[in-house]
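Chemist: Chain order of the listed sequences is A and B. Under numbering that gives the first Met the number 0, the first residue of the first sequence is numbered 0, with each subsequent residue one higher. Under numbering that gives the first Met the number 0, the first residue of the second sequence is numbered 0, with each subsequent residue one higher. Please read through the structure below; I'll follow up with questions.
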Amino acid sequence: MSTVHSTAPQQPAERTRLSDEELATLSKPSHDWKWWLGMIGSIVGMGFIILYCILPFYWMIVSSLRLPEDGRSTDLVPNPPSLQNYVAVFDPSNNFVQALINSIVISGVTTLLTLLLGIMAAYALARLRFRLKGLVLSIIIGCSMFPGITLLIPLFKMFTGAYAWFPFNWMNTYQAIIIPSLSFGLPLCVWNLTAFFRQMPVELEQAAMVDGCTPSQAFVKIILPLAAPGVFTTAIITFIAVWNEFMIAYTFGTRPEMFTAVNALSRFTGQYGFDTPWGTIMAAGVILTVPLLIMVLLFQRRIVAGLTAGGVK
Amino acid sequence: MATAVETAGADAPAPRSGRRPKKNVLSDGQGGLAGLLISPTMLVILLVVGIPILLSVRESLFRRNDGIDPVTGMIAQGESFVGLQNFTDIFANPQAVPAAWGSVDRLINAFLNTTFFTVVCVVLETAIGVAMAIVMNKAFKGRGLVRASILVPWAIPTMVSAKMWGLMFDADGIVNKLAGHQTLWLADNNASQWAIVIADVWKTAPFIGLLTLAGLQTIPDEVYEAARVDGASAWQQFLRITLPMVKPALVVAVLFRTLDTMRMFDLPWGMIGPGKYYVETLSMFAYFENDAGRYGQAAAYSIVLFLYIVLVAFLFVKLLGAEVVDDPETRAIQDRRRAQRKLAKQQRLSSRAGSTVTTGSASS
Numbered sequence: 000m001s002t003v004h005s006t007a008p009q010q011p012a013e014r015t016r017l018s019d020e021e022l023a024t025l026s027k028p029s030h031d032w033k034w035w036l037g038m039i040g041s042i043v044g045m046g047f048i049i050l051y052c053i054l055p056f057y058w059m060i061v062s063s064l065r066l067p068e069d070g071r072s073t074d075l076v077p078n079p080p081s082l083q084n085y086v087a088v089f090d091p092s093n094n095f096v097q098a099l100i101n102s103i104v105i106s107g108v109t110t111l112l113t114l115l116l117g118i119m120a121a122y123a124l125a126r127l128r129f130r131l132k133g134l135v136l137s138i139i140i141g142c143s144m145f146p147g148i149t150l151l152i153p154l155f156k157m158f159t160g161a162y163a164w165f166p167f168n169w170m171n172t173y174q175a176i177i178i179p180s181l182s183f184g185l186p187l188c189v190w191n192l193t194a195f196f197r198q199m200p201v202e203l204e205q206a207a208m209v210d211g212c213t214p215s216q217a218f219v220k221i222i223l224p225l226a227a228p229g230v231f232t233t234a235i236i237t238f239i240a241v242w243n244e245f246m247i248a249y250t251f252g253t254r255p256e257m258f259t260a261v262n263a264l265s266r267f268t269g270q271y272g273f274d275t276p277w278g279t280i281m282a283a284g285v286i287l288t289v290p291l292l293i294m295v296l297l298f299q300r301r302i303v304a305g306l307t308a309g310g311v312k
Numbered sequence: 000m001a002t003a004v005e006t007a008g009a010d011a012p013a014p015r016s017g018r019r020p021k022k023n024v025l026s027d028g029q030g031g032l033a034g035l036l037i038s039p040t041m042l043v044i045l046l047v048v049g050i051p052i053l054l055s056v057r058e059s060l061f062r063r064n065d066g067i068d069p070v071t072g073m074i075a076q077g078e079s080f081v082g083l084q085n086f087t088d089i090f091a092n093p094q095a096v097p098a099a100w101g102s103v104d105r106l107i108n109a110f111l112n113t114t115f116f117t118v119v120c121v122v123l124e125t126a127i128g129v130a131m132a133i134v135m136n137k138a139f140k141g142r143g144l145v146r147a148s149i150l151v152p153w154a155i156p157t158m159v160s161a162k163m164w165g166l167m168f169d170a171d172g173i174v175n176k177l178a179g180h181q182t183l184w185l186a187d188n189n190a191s192q193w194a195i196v197i198a199d200v201w202k203t204a205p206f207i208g209l210l211t212l213a214g215l216q217t218i219p220d221e222v223y224e225a226a227r228v229d230g231a232s233a234w235q236q237f238l239r240i241t242l243p244m245v246k247p248a249l250v251v252a253v254l255f256r257t258l259d260t261m262r263m264f265d266l267p268w269g270m271i272g273p274g275k276y277y278v279e280t281l282s283m284f285a286y287f288e289n290d291a292g293r294y295g296q297a298a299a300y301s302i303v304l305f306l307y308i309v310l311v312a313f314l315f316v317k318l319l320g321a322e323v324v325d326d327p328e329t330r331a332i333q334d335r336r337r338a339q340r341k342l343a344k345q346q347r348l349s350s351r352a353g354s355t356v357t358t359g360s361a362s363s
């Protein structure tokens, strides 16, 4: 804007009296039309990306704020706005509070278990030298690519008590959802943590060991405190993965008191006859997405680093 | 071999750390500790992945008895070994269903749907994702805002996204209103396939963009400057510099997305519903059979999906050179072993010839 003016030739008399401000603008490189084209292009592109990502989510929020009977309305803003859908979500018949508690318990326990195991394994994978490391890494990454349905069928048979050697009925229990969730949570966690530990300078540990620490002491006293942000990020990523999981939760949670939030939401359909309660579903969707979004936005820099370092999911 | 190590250690290049494998405080006697730390994870993986796979293979060879038992005259119970019949039934006893691919066996239909979704979604996601990454990489300001918004589709649970797009694709929904055309997106037809594709691409293209951006940011500006000095056009720069340099990051991202799309389940289930032939994937079909108590068939179909995924992963690693296990140490160990073997061979040859080795060459 002002760049154009200041780079234009000026009166010689004025040139002797350049203020610091003018000097600063003059010392900036001038930009040709190509630069401006690129600038405008990138702003338009960025705007497009933001709209692409946000608009569908905006539609969900708007639809949740309508009156329940306006479920299919296509007005761009709710008219009149209403919180009735949110009231409907928490109607006792939906058991949604219990579902949220279940989700928190299942995701929380799974995350803690995977962190506990994953920190140990990831440290060994990132730092120690041992035979078959390539094999271990391949197995772990292989597990994260694994189709969940292949595990689900025997586990379903097992947890319903169809095998004589497994005389428990684990349907509608926490462990029936948590244990299968480890199958994708643990590889995810180990992979991310390994990437984090690898980024930490090995000299820190060496210095600790020169000072007389054993490798495990060096890990606990030096690496773990420094890797806390990485561990925390991995915890969030794992938590979100388990929170969002549907197939396992749907299979092993068949009674309302054992639904996870995602599972409960999927079953809202057709509860009130033929007309899908879109408003209620959208409100439930907003409720179970917003906590994740807050976490993600607060720690976005770290999460992006974690996702790109881990490269999984 | 021990002598080979001694000689090789002196002059063979040890990538990254320059440490010898045997004479280092960090590696001495660490096998035991490593085993201790790794074994709980491996034990859990064995229990929750290994054993279920074996059980799945076992199940796929059995089938629940149905009908009347000819001996007792009662309704048959238990299960019997049927060999590969669960797999070969698609030829011997096809269960034709009408969908996008004509009237084909339901398993083949699910297989074709899975392949269609995988190919179309991954191609679109990659194209859009790379474009997003390039835009973000060029951006001067507002990167934080874009990064925040790009995490929104990633964080939304797939089931919520399925319902959200379900509302938008409703016959009276916003998509039809904007298009000005009444399309029945959710009614188990060709349009519903595209509705799935759109919803899936929306959720995952930003993710590919994020991973590609990480790859783009590692390319130094000097490379582009040099190319510009040499007179390369923007398109040439993209083809000859950008693509080759982001390829390692991109291939891994695409591999993960491909395998993830192949096991797609939540999205068609939540948006269109179970048992809809146009959008039924292998995961959904296997789940349907499991739900109906046909464990044998279900396990067999899930094994088909498993083998399909293994095949695709194998092709990715072999043909596109996806470096999935990107562990510098593992690579260094492999390089070192290769160098040692080469050196040992050279020594054998030269001692046979009666001369001494002066150079330990190692190239990776």
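No residue lacks a Cβ here, since even glycine has one placed at the ideal position from N, Cα and C.
Alpha carbon to alpha carbon, how far is M257 of chain A from L215 of chain B?
Modeler: Counting from 1 along the first sequence, the entry for residue 257 of chain A is found at position 258. Counting from 1 along the second sequence, the entry for residue 215 of chain B is found at position 216. When rounded, the distance between both Cα atoms is 45 Å.
Chemist: Please return the same chain residues whose Cβ sits closer than 6 Å to the Cβ of S72 of chain A, not counting the five positions on each side in sequence.
Modeler: Start at 1 with the first residue of the first sequence, and residue 72 of chain A comes out as number 73. Its chain contains R65 as the residues whose beta carbon lies nearer than 6 Å to that of S72 of chain A, once the 5 sequence neighbours on both sides are disregarded; these appear in chain order.
Chemist: Using a Cβ-Cβ distance cut-off of 9 Å, determine whether E221 of chain B contacts chain A.
Modeler: By 1-based counting over the second sequence, the position of residue 221 of chain B is 222. No - not a single Cβ of chain A is within 9 Å of the one on E221 of chain B.
Chemist: By the 10 Å Cβ neighbour count, where 16 or more other Cβ atoms means buried, how is W153 of chain B classified, buried or exposed?
Modeler: Along the second sequence, read from residue 1 onward, the residue named residue 153 of chain B stands at position 154. With 16 or more Cβ atoms within 10 Å of its Cβ, W153 of chain B is classed as buried.
Chemist: Could you name the residues of chain B that G44 of chain A contacts, counting a contact when the two beta carbons are closer than 7 Å?
Modeler: Position 45 of the first sequence, counted from the start, is the residue given in the question as residue 44 of chain A. Under the 7 Å cutoff, chain B gives V134.
Chemist: Mind checking whether M263 of chain B and S282 of chain B have CB atoms under 9 Å apart?
Modeler: As a first step, residue 263 of chain B must be located in the second sequence, where it is residue number 264. As a first step, residue 282 of chain B must be located in the second sequence, where it is residue number 283. In contact: M263 of chain B and S282 of chain B (Cβ atoms closer than 9 Å).
Chemist: State the DSSP-derived secondary structure class of G320 of chain B, mapped to helix, strand or coil.
Modeler: Taking the first residue of the second sequence as position 1, residue 320 of chain B is located at position 321. Of the three classes helix, strand and coil, the one that applies to G320 of chain B here is coil, per DSSP.
Chemist: Between which two residues does the alpha helix (DSSP H) containing A99 of chain B stretch?
Modeler: In the second sequence, counting from the first residue as 1, residue 99 of chain B sits at position 100. That residue, A99 of chain B, is in no alpha helix (DSSP H); it is neither H nor E in DSSP.
Chemist: Is there a Cβ of chain B sitting closer than 9 Å to that of Y122 of chain A, yes or no?
Modeler: By 1-based counting over the first sequence, the position of residue 122 of chain A is 123. Contact with chain B is found for Y122 of chain A, since one of that chain's Cβ atoms lies less than 9 Å from the residue's Cβ.
Chemist: Kindly indicate if chain B contains any beta-carbon less than 9 Å away from that of L292 of chain A.
Modeler: Along the first sequence, read from residue 1 onward, the residue named residue 292 of chain A stands at position 293. Chain B contact via Cβ: present.
Chemist: Check whether the Cβ atoms of L304 of chain B and T113 of chain B lie closer than 9 Å to each other.
Modeler: The count along the second sequence starts at 1 and reaches residue 304 of chain B at position 305. The count along the second sequence starts at 1 and reaches residue 113 of chain B at position 114. L304 of chain B places its beta carbon less than 9 Å from that of T113 of chain B.
Chemist: Residues of chain B with CB under 7 Å from M313 of chain A, in chain order?
Modeler: In the structure as shown, chain A begins at 0 and stops at 312. Residue 313 of chain A is therefore absent and cannot be evaluated.
Chemist: Would you say the segment 277-292 of chain B touches the segment 251-267 of chain B, given that touching needs at least three Cβ pairs under 8 Å?
Modeler: yes
Chemist: Comparing the C-beta of V151 of chain B with each C-beta of chain A, is any distance below 9 Å?
Modeler: In the second sequence, the residue the question calls residue 151 of chain B occupies position 152. Answer yes: the Cβ-Cβ gap between V151 of chain B and chain A drops below 9 Å somewhere.
Chemist: I need the boundaries of the beta strand (DSSP E) containing R63 of chain B, first residue and last residue.
Modeler: Here the question's residue 63 of chain B lines up with position 64 in the second sequence. From DSSP, the beta strand (DSSP E) with R63 of chain B extends over F61 to R63.
Chemist: When the cut-off is 9 Å and only beta carbons count, does W32 of chain A lie next to chain B?
Modeler: As a working note, residue 32 of chain A is residue 33 in the first sequence. With 9 Å as the cut-off, W32 of chain A does not count as an interface residue toward chain B.
Chemist: Is the Cβ of P179 of chain A closer than 9 Å to any Cβ of chain B?
Modeler: For the purposes of this step, residue 179 of chain A is taken as the residue at position 180 of the first sequence. Chain B contact via Cβ: present.
Chemist: Kindly indicate which residue of A:V88, A:P67, A:P146 and A:P224 has the alpha-carbon position closest to the one of Y307 of chain B.
Modeler: Taking the second sequence and counting its residues from 1, one reaches residue 307 of chain B at position 308. Cα-wise, what sits closest to Y307 of chain B is A:P146.
Chemist: Which residues of chain B have a Cβ atom closer than 7 Å to the Cβ of S265 of chain A, listed in chain order?
Modeler: Residue 265 of chain A sits at position 266 when you count from the first residue of the first sequence. Within 7 Å Cβ-Cβ: M158 and G269.
Chemist: Look at the alpha carbon of A95 of chain B and the alpha carbon of V122 of chain B, and state the distance between them as a whole number of angstroms.
Modeler: Translated into positions along the second sequence, residue 95 of chain B becomes position 96. Translated into positions along the second sequence, residue 122 of chain B becomes position 123. Approximately 29 Å, taken between the alpha carbons.
Chemist: Chain B partners of W277 of chain A, CB-CB under 7 Å?
Modeler: Looking up residue 277 of chain A in the first sequence gives position 278. L166, listed in chain order.
Chemist: Does F245 of chain A come within less than 9 Å of chain B when only Cβ atoms are used?
Modeler: Stepping through the first sequence from its first residue, residue 245 of chain A is reached at position 246. Closer than 9 Å: yes.
Chemist: Could you tell me which whole alpha helix (DSSP H) segments of length 4 or greater appear in the segment 121-191 of chain B?
Modeler: 142-154, 157-167 and 173-178
Chemist: Between which residues of its own chain and G82 of chain B is the CB-CB distance below 7 Å, once the five residues before and five after are set aside?
Modeler: The sequence position of residue 82 of chain B within the second sequence is 83, counting from 1. Contacts found: L60.
Chemist: Hey, how far is the Cα of A204 of chain B from the Cα of E58 of chain B?
Modeler: Along the second sequence, read from residue 1 onward, the residue named residue 204 of chain B stands at position 205. Along the second sequence, read from residue 1 onward, the residue named residue 58 of chain B stands at position 59. Distance between the alpha carbons of A204 of chain B and E58 of chain B: 37 Å.
Chemist: Measure the alpha-carbon distance for V356 of chain B versus T40 of chain B and round it to whole angstroms.
Modeler: Counted from its first residue, the second sequence places residue 356 of chain B at position 357. Counted from its first residue, the second sequence places residue 40 of chain B at position 41. Residue confidence is low: V356 of chain B scores 47 on pLDDT, short of 50, so the model does not pin down where it sits. Its coordinate-derived value is still stated next. Spanning the two alpha carbons is a distance of roughly 45 Å.
Chemist: Below 9 Å between beta carbons is the criterion; list the residues of the segment 147-176 of chain A that meet it against any residue of chain B, in chain order.
Modeler: G147, I148, T149, L150, L151, I152, P153, L154, F155, K156, M157, A161 and Y162
Chemist: Could you tell me the alpha carbon to alpha carbon distance between R351 of chain B and R337 of chain B, rounded to whole angstroms?
Modeler: Mapped onto the second sequence, residue 351 of chain B falls at position 352. Mapped onto the second sequence, residue 337 of chain B falls at position 338. Roughly 21 Å between the two C-alpha positions.
Chemist: Can you name the start and end residues of the beta strand (DSSP E) that S79 of chain B belongs to?
Modeler: Looking up residue 79 of chain B in the second sequence gives position 80. E78 to F80 is the extent of the beta strand (DSSP E) around S79 of chain B.
Chemist: Short of 7 Å Cβ to Cβ, which residues in the segment 271-286 of chain B face chain A?
Modeler: S282, A285 and Y286
Chemist: Check S16 of chain B in the structure and name its three-state DSSP category.
Modeler: As a first step, residue 16 of chain B must be located in the second sequence, where it is residue number 17. In this prediction, S16 of chain B has a pLDDT of 49, which is less than 50 and means its spatial position is unreliable; what the coordinates show is noted afterwards. Residue state, collapsed to three classes: coil.
Chemist: Take the Cβ of I293 of chain A as the centre, count every other Cβ of all protein chains shown within 10 Å, and call the residue buried at 16 or more, exposed below.
Modeler: On the first sequence, residue 293 of chain A is found 294 positions in, with the first residue counted as 1. So I293 of chain A counts as exposed.
Chemist: Between the Cα of M131 of chain B and the Cα atoms of B:I50, B:L209 and B:L238, which residue gives the shortest distance?
Modeler: For the purposes of this step, residue 131 of chain B is taken as residue 132 along the second sequence, with counting starting at 1. Checking every option, the nearest Cα to that of M131 of chain B belongs to B:L209.
Chemist: Going along the chain, which residues of the segment 175-204 of chain B sit with their C-beta nearer than 7 Å to a C-beta in chain A?
Modeler: K176 and W201
Chemist: If you measure beta-carbon to beta-carbon, which residues of the segment 47-71 of chain B are closer than 7 Å to chain A?
Modeler: Correct list: V47, V48, P51, I52, L54, S55 and E58.
Chemist: At 8 Å on the CB atoms, spell out the chain B contacts of W242 of chain A, in chain order.
Modeler: Working through the first sequence from its first residue, we reach residue 242 of chain A at position 243. In chain order: P156.
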